[in-house]
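Undergrad: Supplied in structure tokens, the structure appears directly below.
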């Protein structure tokens, strides 16, 4: 479940051309979508196309997730039945309102993983309602599977009865609260999408604002947004110092026949080591 979260690119699950093109895209997470971008008449077709695409996981340069339908839709059991297999790294759950939503899905995942003899999958809940915002800490801390939470601004504004604008005043509190709660729960937060594909300066400023609030990455809807997001969310000096400490301590610990160790008073295991190593790799690229 370790990895990077600078960019989470949504790819419509019912478009074979986009699924194939995603193999060449350098987003940190490619997220095949079964929800908003797929009409009801195309849901089953999308499940089958994604199931086939996951068989080619080694050809993708990114971590591969699938966004299921919402808990309230009743479609998640059918989604999971088709997509849970080798090649899948995790799922994004849209419109999560409470920890109960996560725990129900966790149970379904555990049964399928055991049956199909695959590794444990990560979960990224999406916070898209006033109730979800209120419950973000509870959601983020509901399971060790939760690797991050993502902010869904459009549905939140709709829930609040607020018109969308690029700088949505009505979402300011929610946008600030979500990464705070996520960090308190020990997980990451991924910021909402920037809808205007032509306004790259606006995207950059929005990424800078997001990072200043504690987000570690951006939800994106087009590959052209990836370089901007990756540049804005490149690791800073403090993050690189932490990564060096973690890598050195973990390597020394494994040499002594141990796994987990302690760095600056906090327990560090293989997941943290992989994340730290990934940060150092990014620094070399940048």
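Residue numbers (full-length UniProt numbering): 1 to 286. All residues carry an ideal CB built from backbone N, CA and C; glycine is no exception. Remember, it's a predicted structure, so these values are computed and weren't measured experimentally.
With a cut-off of 8 Å, do at least 3 Cβ pairs link the segment 268 to 276 to the segment 238 to 256?
TA: yes
Undergrad: Contact check, residue 35 vs residue 94 under 8 Å by CB: the rounded distance?
TA: Along the chain shown, read from residue 1 onward, the residue named residue 35 stands at position 35. Along the chain shown, read from residue 1 onward, the residue named residue 94 stands at position 94. Confirmed, Cβ separation roughly 5 Å.
Undergrad: Assuming residue 6 and residue 273 form a contact by the criterion Cβ under 8 Å, report the distance between their Cβ atoms to the nearest whole angstrom.
TA: Looking up residue 6 in the chain shown gives position 6. Looking up residue 273 in the chain shown gives position 273. With 8 Å as the limit, residue 6 and residue 273 do not qualify as a contact, their Cβ atoms being about 19 Å apart.
Undergrad: When you compare only the Cα positions, how much space is there between residue 2 and residue 279?
TA: Translated into positions along the chain shown, residue 2 becomes position 2. Translated into positions along the chain shown, residue 279 becomes position 279. Since pLDDT at residue 2 reaches only 44, below the 50 mark, its modelled position is unreliable, and the value read off the structure follows with that caveat. Each residue's Cα considered, the two are about 11 Å apart.
Undergrad: What's the call for residue 252, buried or exposed, on a 16-neighbour Cβ count within 10 Å?
TA: In the chain shown, counting from the first residue as 1, residue 252 sits at position 252. Burial call: exposed.
Undergrad: Under the DSSP definition of a beta bridge, which residues are partnered with residue 240?
TA: Start at 1 with the first residue of the chain shown, and residue 240 comes out as number 240. Bridge partners of residue 240 according to DSSP: none are assigned.
Undergrad: Within this structure, are the beta carbons of residue 159 and residue 197 separated by less than 8 Å?
TA: Numbered from its first residue, the chain shown carries residue 159 at position 159. Numbered from its first residue, the chain shown carries residue 197 at position 197. No, the pair does not count as a contact, with Cβ atoms beyond the cut-off.
Undergrad: For residue 182, name the three-state secondary structure that DSSP assigns.
TA: Taking the chain shown and counting its residues from 1, one reaches residue 182 at position 182. Here residue 182 carries a helix assignment [DSSP, helix/strand/coil].
Undergrad: Residues in its own chain within less than 7 Å of residue 187 by CB, not counting five upstream and five downstream?
TA: Counting from 1 along the chain shown, the entry for residue 187 is found at position 187. Around residue 187: 140, 146, 147, 148 and 149.
Undergrad: Tell me residue 9's beta-bridge partners as DSSP assigns them.
TA: Within the chain shown, residue 9 is the residue found at index 9, counting from 1. Residue 9 is bridged to 30 and 220.
Undergrad: Roughly how many whole angstroms lie between the Cα atoms of residue 91 and residue 256?
TA: By 1-based counting over the chain shown, the position of residue 91 is 91. By 1-based counting over the chain shown, the position of residue 256 is 256. Those two C-alpha atoms are separated by around 35 Å.
Undergrad: I'd like the ranges of any alpha helix (DSSP H) spanning at least 4 consecutive residues and lying wholly in the segment 10 to 93.
TA: Correct list: 16 to 21, 43 to 54 and 76 to 83.
Undergrad: Considering only the beta carbon of each residue, do residue 31 and residue 84 sit closer than 8 Å?
TA: Walking along the chain shown from the start, residue 31 turns up at place 31. Walking along the chain shown from the start, residue 84 turns up at place 84. Result no, Cβ atoms of residue 31 and residue 84 do not sit closer than 8 Å.
Undergrad: To which residues of the same chain is residue 202 closer than 8 Å at the C-beta, ignoring the five residues directly before and after it?
TA: If you number the chain shown from 1, residue 202 lands on position 202. So the qualifying residues of the chain are 166, 194 and 196.
Undergrad: Excluding five sequence neighbours on each side, which residues of the same chain lie with their C-beta closer than 8 Å to the C-beta of residue 183?
TA: Working through the chain shown from its first residue, we reach residue 183 at position 183. Cβ within range, chain order: 189 and 214.
Undergrad: For residue 82 and residue 172, what's the separation of their Cα atoms in angstroms?
TA: Translated into the one-based positions of the chain shown, residue 82 becomes position 82. Translated into the one-based positions of the chain shown, residue 172 becomes position 172. Going from the Cα of residue 82 to the Cα of residue 172 covers about 37 Å.
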